[in-house]
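Sequence lines, in order, name chains A and B.
The numbering used here runs 1460 ahead of the 1-based position in the first sequence.
The numbering used here runs 905 ahead of the 1-based position in the second sequence.
For every residue, glycine included, the Cβ atom is placed at its ideal position computed from N, Cα and C.
Everything numeric in this text was worked out from a predicted model, so none of it was measured.
Everything on this sheet refers to the single structure shown next.
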Amino acid sequence: MEFNPLLERMPTSKMPSFTDREGLFNEERPRYAEEAASKIHGGCGLMGICDESGTPMSGVEAIKAMAVQRDRGNGLGGGYAGYGIYPEFPDHYCFHMMYHDIKAKEDAEAIFDQYFVVDLAEPMPTRPVKGISDAPLLWRYFLNPDSYKLESSEMSTEDFIVHTVMLINSSVDGAFVASSGKNMGAFKGVGFPEEIGHYYRLDEYEGNTWVGHNRFPTNTPGWWGGAHPFTLLDWSIVHNGEISSYGINSRYLEAFGYKCTLGTDTEVAAYLFDLLLRRHKLPLELACKALASPLWTEIDRMPESEQAVMRSLRAVYGPGMLNGPFAIVLGFNGGMVALNDRIKLRPLVAARQGTRLMVASEESAMREVLDAPDKVWAPRAGEPVIARVKGQDWPIHGDLHLSASEVSCAVTGVESSCETVEVN
Amino acid sequence: MTETTEIRQGPIEGYLMVEPHVTRDGDTVTIDAASVYYKYVNQAIRAAIADGVTTVRVINVNGQRYIGNGLSGTDVTIEVYGTAGQDLSMFMNGPTVRIHGNAQDGVGNTMNAGRVMIHGDAGDVLGYGMRGGRVYIKGDVGYRVGIHMKAYESLVPVMVCGGKSRDFSGEYMAGGMLVLLGMNSQFDGPIVGGYIGTGMHGGVIYLRGEVEPWQVGKECGIFTADEEDMKTLGPVLKEYAEEFGMDYDEIISVPFTKLVPISHRPYGKLYTYV
């Protein structure tokens, strides 16, 4: 995709009601439709695809996988995240923003102007699509923290970004961050996923990894910011299920500076992965065990050394455990992970064809994209399916398969304990 | 609200709201389901049966739901080519459905009568609340297969899974027969997961080989299948072997384990004072 700011500043579907959205003539801010007129059977659908060779795939592949799963949702939420989609700006953080109105945009941009160097700000390229209406103002910003502000904050760059996301979501009225990672972006809204995909012109993007989602809202309203994926930095999460432990998870995350503001349970999963993988540097498989913990009866049957690790993991991360049914796909620069709850209360099927690894709620989604899969299988509950892009940095501490002693070190977090912890 | 017009370019992804292409050759009708919405595929199947055909071939199926749902009559065979969608043969009452490919979740939900033959794998909640008929799967099956199968007098549902199954197989089973062979599997590890037969209060589960006691719900007794059991099992396994071109003698070359409930009311006193 060639970026020419002059050409790309095209009118978008919301332009006809521009005066309304500026809030100049209306005292009240416009609201999005939060409920559809009718309810249809469904239960959320998701997909993830990663070409481990790093070969870019068109966003149409993701749209195709979601379109055959249309009946899993009800038109109240669809979305995607793509990785490697901004090769022109690989080292910029890209903020995809949603604004209720011009005032919200000005407030958020004041934060960008104060703390960041913004190298490109533009409206998200969209096209009018039947079924998509009531969109907020959608903008994207390619930026990096102001070096002086970053230094004086005494934070890492990542923490600085996380802090900014939390600040905007919690304190700028009417502004929401859809995504905030490098060389990636989330494209989401209210509508069926194939409509959302065409609305955001995903056919014009190419990425090595895509995740997609079709929403059937159950406990929380269907609104633009509440559609999946949920993201932070370059982590993105799509989720089918319900996180019954949302209350304890969000309180636990608050203690680490995360603020849950988007009104959908899935938000906690995105922040928990950031906490466990980036900040606590847990190996991936251990993080998955912390979130989809083995049952105590399963732990009792494990070898003794592993038992000790699992017991301490459950003790340390008890408030972070995701309770309730879920199938999730975590996307990031470098790969993709799919995970089920520990007793498989939501569907998840996987397939591999050559260097392409794909997961979805239904096998049909993968048959739609892969013409001759080498292997199709249903992953076990709590057992992650992992894709890793060759030649890219693996952003996760440790290798895929750690020894028990390395796992112990990771849990205790104390380097010196590596010698003293008895394993095997 | 803004009025928008559709200017979407190129092919529209997903299923199309069109009638499928149908061809008839004698007693056989072929329906091309490629990218056709399930509603129109199933309408075409019903129209063909009403027209008196005995074999309905549905080709290029990929994820279309509800095939065979609520259909009656024993003289109809539906041959499905591709990946059958959710809730295949739900409430079905007589026909034979053969899948040349894999099936997704919810096959045979509350099925009354008929036969479902899957020449591939099947997903989760297979045969949920099944009340009669037979479901045979060549390969692996998912979690919660045969939950709450039930039987009444001569109506006895039978399910045979050729591959491996996961947790909660036969949970709350009230009747019928569930057979797990563990033979045609792409997975290593045990033939079945945990919690098999939890809350079971009727029917029987046969497994080729052995299970660990921890895998079995505490409402089940574990026995080795005896000659009487093999007399019941024999005709079922012969029919199964014939359908999938397997060797019957090889199937029975390993002793079977039998799981039966130790009480017909395992939770009768759960909420009462004792």
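Where Ile1697(A) sits in the DSSP three-state scheme | The answer is strand: DSSP assigns Ile1697(A) an E or B state.
Look up Met1626(A) in the DSSP assignment and say whether it is helix, strand or coil.
-> Met1626(A): helix per DSSP, three-state reduction.
Chain B contact residues for Glu1702(A), given Cβ-Cβ distances below 9 Å = Contact of Glu1702(A) with chain B by beta-carbon distance below 9 Å is absent, the smallest such distance being about 17 Å.
So, are the CB atoms of Gln1529(A) and Ala1825(A) less than 7 Å apart?
-> Pairing Gln1529(A) with Ala1825(A) gives a Cβ-Cβ distance under 7 Å.
Could you please give me the residues that DSSP links to Met1082(B) through a beta bridge?
-> According to DSSP, which records beta bridges pairwise, Met1082(B) is partnered with Val1063(B), Val1109(B).
Beta-carbon neighbours of Gly990(B), restricted to chain A and to distances below 8 Å = Within 8 Å Cβ-Cβ: Glu1822, Ser1824.
Could you give the distance in angstroms between the alpha-carbon of Arg1774(A) and the alpha-carbon of His1740(A)?
-> Just so you know, the alpha carbons of Arg1774(A) and His1740(A) end up roughly 15 Å apart.
Quick one: using the 10 Å Cβ neighbour count with 16 as the cut-off for buried, is Arg929(B) buried or exposed?
-> With fewer than 16 neighbouring CB atoms inside 10 Å of its own CB, Arg929(B) falls in the exposed class.
Indicate the three-state DSSP secondary structure (helix, strand or coil) for Cys1504(A) in the structure shown.
-> Cys1504(A) falls in the coil class under three-state DSSP.
Which of the three DSSP states, helix, strand or coil, is assigned to Gly1514(A)?
-> Reduced to three states, the DSSP call for Gly1514(A) is coil.
Using the C-alpha atoms, what's the distance from Asn965(B) back to Ala1730(A)?
-> Looking at the two C-alpha atoms, the distance is approximately 38 Å.
Just the Cα atoms here: how many angstroms apart are Leu1543(A) and Arg1711(A)?
-> Position check: residue 1543(A) holds Tyr in this sequence, whereas Leu was assumed. Taking the straight line joining both Cα atoms gives about 30 Å.
Can you tell me where the beta strand (DSSP E) with Thr1137(B) in it begins and where it stops?
-> That residue, Thr1137(B), is in no beta strand (DSSP E); its alpha helix (DSSP H) goes 1132-1149.
Interface residues of chain A facing Arg1071(B) [CB-CB closer than 9 Å] | Those are Lys1804, Ala1838, Arg1840, Ala1841, listed as they occur along chain A.
Is there a Cβ from chain E that is less than 7 Å from the Cβ of Arg1530(A)?
-> This model lacks chain E altogether; the protein chains it does include are A and B.
In chain A, which residues lie with their C-beta within 8 Å of the C-beta of Asn965(B)?
-> Scanning chain A for C-beta atoms nearer than 8 Å to the C-beta of Asn965(B) yields nothing, as the closest lies near 10 Å away.
Would you mind working out which of Glu1512(A), Ser1607(A), Pro1844(A), Ser1616(A) sits nearest Ser1753(A), comparing C-alpha positions?
-> Ser1753(A) has its Cα closest to that of Pro1844(A), out of Glu1512(A), Ser1607(A), Pro1844(A), Ser1616(A).
Gln1120(B): first and last residue of the uninterrupted alpha helix (DSSP H) it sits in | Unbroken run through Gln1120(B): none, as it is neither H nor E.
Where does Glu1494(A) fall in DSSP's three states?
-> In this prediction, Glu1494(A) has a pLDDT of 40, which is less than 50 and means its spatial position is unreliable; what the coordinates show is noted afterwards. Residue state, collapsed to three classes: coil.
Can you find a CB in chain A that lies within less than 7 Å of the CB of Asp1010(B)?
-> Judged by the 7 Å Cβ criterion, Asp1010(B) is in contact with chain A.
Closer than 7 Å, CB to CB, is Gly973(B) near chain A or not?
-> No, Gly973(B) lies away from the interface with chain A (no Cβ there is under 7 Å from its Cβ).
Where Ala1959(A) and Val1578(A) are concerned, what is the direct C-alpha to C-alpha distance, given to the nearest angstrom?
-> Residue 1959(A) cannot be examined here, being either before or after the span of chain A that is shown, 1461 to 1884.
Evaluate the contact criterion for the region 1694-1709 of chain A versus the region 1558-1570 of chain A: three or more CB pairs, one atom per stretch, below 8 Å.
-> With the cut-off at 8 Å, the region 1694-1709 of chain A and the region 1558-1570 of chain A do not touch.
May I have a chain-ordered list of the alpha helix (DSSP H) segments no shorter than 4 residues that lie completely inside the region 1726-1814 of chain A?
-> As for any alpha helix (DSSP H) of minimum length 4 sitting wholly inside the region 1726-1814 of chain A, the runs are 1727-1733, 1744-1751, 1756-1760, 1764-1776, ordered along the chain.
Stretch pair the region 1564-1573 of chain A + the region 1517-1525 of chain A: three plus CB contacts closer than 8 Å | Note that the region 1564-1573 of chain A does not touch the region 1517-1525 of chain A; fewer than 3 beta-carbon pairs, one per stretch, sit closer than 8 Å.
Would you say Pro1807(A) faces chain B, with C-beta separation under 7 Å as the test?
-> Yes, Pro1807(A) counts as interfacial toward chain B.
For Ser1047(B), decide whether its Cβ has a neighbour in chain A, counting only Cβ atoms nearer than 7 Å.
-> In the sequence as displayed, the identity of residue 1047(B) is Gly instead of Ser. Contacts with chain A at 7 Å (Cβ-Cβ) include Gly1047(B).
Which runs of the alpha helix (DSSP H) spanning at least 4 residues fall entirely within the region 1540-1608 of chain A, listed in chain order?
-> Fully enclosed alpha helix (DSSP H) runs of 4 or longer: 1562-1575.
Pair within 7 Å by beta-carbon distance, Phe1716(A) and Gly1533(A) = In this structure, Gly1533(A) does not lie closer than 7 Å to Phe1716(A) by Cβ.
Range of the contiguous alpha helix (DSSP H) that encloses Glu924(B) = Where Glu924(B) is concerned, there is no enclosing alpha helix (DSSP H), given that its DSSP letter is neither H nor E.
Which residues in chain A sit within 9 Å of Gly1028(B), going by Cβ to Cβ distance?
-> What Gly1028(B) touches in chain A: Pro1807, Val1809, Glu1822, Glu1823, Ala1838.
How about the region 1020-1040 of chain B and the region 996-1011 of chain B: do they share at least three Cβ pairs that are nearer than 8 Å?
-> Touching, yes, given that three or more Cβ pairs across the two stretches are closer than 8 Å.
Is the CB of Asn1007(B) under 7 Å away from at least one CB in chain A?
-> At a cut-off of 7 Å between C-beta atoms, Asn1007(B) counts as an interface residue with respect to chain A.
Count the CB pairs spanning the region 1097-1108 of chain B and the region 1067-1081 of chain B that are closer than 8 Å, and state whether there are at least three.
-> Taking 8 Å as the limit for Cβ pairs, the verdict is that the region 1067-1081 of chain B does touch the region 1097-1108 of chain B.
Does the distance from the CB of Ser1613(A) to the CB of Phe1620(A) come in under 7 Å?
-> Yes, they are a contact pair.
Applying the criterion that 16 or more other CB atoms from any shown protein chain within 10 Å of the CB defines a buried residue, is Lys1143(B) buried or exposed?
-> Under a 10 Å Cβ-count criterion, Lys1143(B) is classified as exposed, with fewer than 16 other Cβ atoms of the shown protein chains found around its own Cβ.
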